[in-house]
Every structure is written in C-alpha cells, then in structure tokens.
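Residue 13 is where the sequence shown starts when you use this note's numbering, and the numbers rise one by one after that. Note that CB positions come from ideal geometry on N, CA and C, so glycine has one too. Data block below; observations after.
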Amino acid sequence: MIYRKILVFFIVFLAVTWPDSLFSKAGNNFSEFSLINQEQDTDVVTIVAFGNSITATRKTVNKVFAQRLPVLLKERGIKANVINSGIGGSHTGRRTDHDLFKIRHALDRFEPDVLAHNPDIVIIGFGTNDAHIDSKERNGKSRIPLDKYKANLEYMINRLLKQNSKVILMAPNILGANYGEIQNDRLIKYVKVVRRLARKYNLGLADNYRLFVNFEKSTGESFDTLMLDGVHPNDRAHELIADQLVNEIILTKKNEYVSKKN
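Printed below as a string of structure tokens:
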C-alpha cells in the first residue's frame, strides 16, 4: 500500500514539475508526422478539361463529362482533381481572330486557365466553333481557318509537353441533322486534324465524332438522341464521353502514350 502511495506521489510530482516544452515538442513532432503522412497520401492527379460549351457546365445537363470523371476514376483506383476550364462559344484562337462571342478564347486564357494549374493531364476539346461557317454557304469561311486551327492546337500541345503535362485531344462530335451536310462536311476536316495530331505527338485521343457515329451503328438509334440541340451532348452522351475518357486517362497515366517533345 505504501509503495502505491509513493508511486502516485511520484507521478503527480512529474506532472507538475516536468517542463511544458517537452510535451510541446512531442505534440509538434506528432503534428509534423501527421502532415508528412498526409502529404504522402495525396497522390492526386490534376486534370484540366479545356474546351468550349461541350466541356463547360450547363443548366440543361445534370453532369458534364468533367464532373463525372472523379467518381469514375476513383472506381479505377485513381484520385483526381478535375478542373473544368470550358467556356461556351470558345474557339482555339484569340478574340481578335473572331469576336462574334465577346469572351476569352483558348489562347487568351491558356496561361491562367490551364498552365497555372500545373496539370498532370490536359484534355483539349475544341473545333465545333472553329469550323463553324457563319454564312452557312458551302464555300463560306470558317470562324478559324483550318491551318490556323492546327497551328493553335500545336502551340498548346508543345507548351504543355515542355512543362511535362500529358495531353489528351478530344475531337468534336458530329452535328445533328438540323445542321445539314455543309457544316458537318467542314467539321470532319477539323476532326481529321485532331486525329493526325494525336498520331503525330503520340497523344491520347477521345474521338467524340467516331463515338457518336458508332453509337448509331451499334444501337440503331440516331446519334441525334445524344444531343440536346444538334450540337451539345445530353447526359447520356456525357456518360459515354466520360467512359471513353477514363480509358484514355488510364493509358496516358501509365505512359502507354509516350509524348514526343519537339
């Protein structure tokens, strides 16, 4: 009994007289250890979805493809922070190239909306607005000429590769029947540029044009059923686009696509 009293007295004595700094140091060490563990556990892939109204969120769609990616990638064991840098009406150039829409276009906002995020992967999806013929005449001018479209994409690709970001190109989807052959005949030329650039630089490719056409062939349903208005994908289409992109992201992350730097 006397030994127990001595032990209790000794413990109380230590608690009263022991320097607070030692307990503080222990606490600090614990905090630092926790932070280190947190930092080691933050293997998050930063993905920027850079594009036009096909990429941008919209009230008439529950979730666009970029909003679907984090959950789908998590199911495949990939933690992802997906930044949506889509703006409706945007083309690959600058406002000075074509200013029907008074907004910041791709090259106007490439630095703050893409490069500033130091992304691991960038999904570049432009072309619908670039190819569009405002006059609706077969020989009319596109908003951004084909050669300029290619040059703009290559500029962005090379800038991203230089900072060690990986790139997935997203080809625009086919337009609905209400747009007629003239616009689609012009659009396919822009789609082919995207396909060629993906091959040239060995990049990931999410070919929405082919995705929509194959949907019609495999289901017997018109690809118009994938669009809200003959241009913009509906939720069903965004689900298909997101599924396609997940596979491209996984291949890209695993370096199945080896970027060639110029």
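In the same chain as residue 139, and ignoring 5 residues on each side of it, the C-beta atoms closer than 6 Å to its own belong to 184 and 202, in chain order. Taking a C-beta distance under 8 Å as the contact criterion, residue 253 and residue 223 qualify as a contact pair. Across the structure, residue 58 and residue 262 are spaced so that their CA atoms are roughly 13 Å apart. Residue 119 and residue 207 have their C-alpha atoms spaced approximately 21 Å apart. At the C-beta level, residue 84 and residue 258 come within 8 Å of one another. For residue 239, the beta-bridge partners assigned by DSSP are 245.
In this structure, the alpha-carbon of residue 156 lies about 18 Å from that of residue 169.
Setting aside the 5 residues that flank it on each side, residue 56 is surrounded in the same chain by 91, 92 and 93, each with a C-beta closer than 8 Å to its C-beta; the list follows chain order.
In the assembly as shown, residue 123 is an exposed residue. Its beta-carbon has fewer than 16 other beta-carbons within 10 Å. Runs of beta strand (DSSP E) with 3 or more residues, each lying fully within the segment 61-111, are found at 92-98, listed in chain order. Membership of residue 125 in the alpha helix (DSSP H) is indicated by the continuous run 118-125. Of the candidates 127, 219, 132 and 130, 219 places its Cα closest to the Cα of residue 249. Collapsing the DSSP output to three states places residue 57 in a strand. For the pair residue 135 and residue 61, the CB atoms are nearer than the 8 Å cut-off. The DSSP assignment places 192-213 and 220-231 as complete runs of the alpha helix (DSSP H) inside the segment 180-232, in order along the chain (cut-off: 4 residues). For residue 135, the enclosing beta strand (DSSP E) has its first and last residue at 133-137.
If you draw a straight line from the Cα of residue 164 to the Cα of residue 71, it comes to about 30 Å. In the DSSP annotation of this structure, the continuous segment of the alpha helix (DSSP H) that includes residue 143 starts and ends at 140-143. Separation of residue 145 and residue 243 (C-alpha to C-alpha, rounded to the nearest whole angstrom) is 14 Å. DSSP places residue 170 in the uninterrupted alpha helix (DSSP H) bounded by 158-174. The C-beta distance from residue 161 to residue 132 rounds to 26 Å, too long to fall under 8 Å, and the pair is not in contact. The C-alpha of residue 65 is placed about 13 Å away from the C-alpha of residue 75. Out of 234, 264, 197 and 205, the CA that lies nearest to the CA of residue 150 is found in 197.
Proximity to residue 255 across 73, 80 and 63 peaks at 80, based on C-alpha coordinates.
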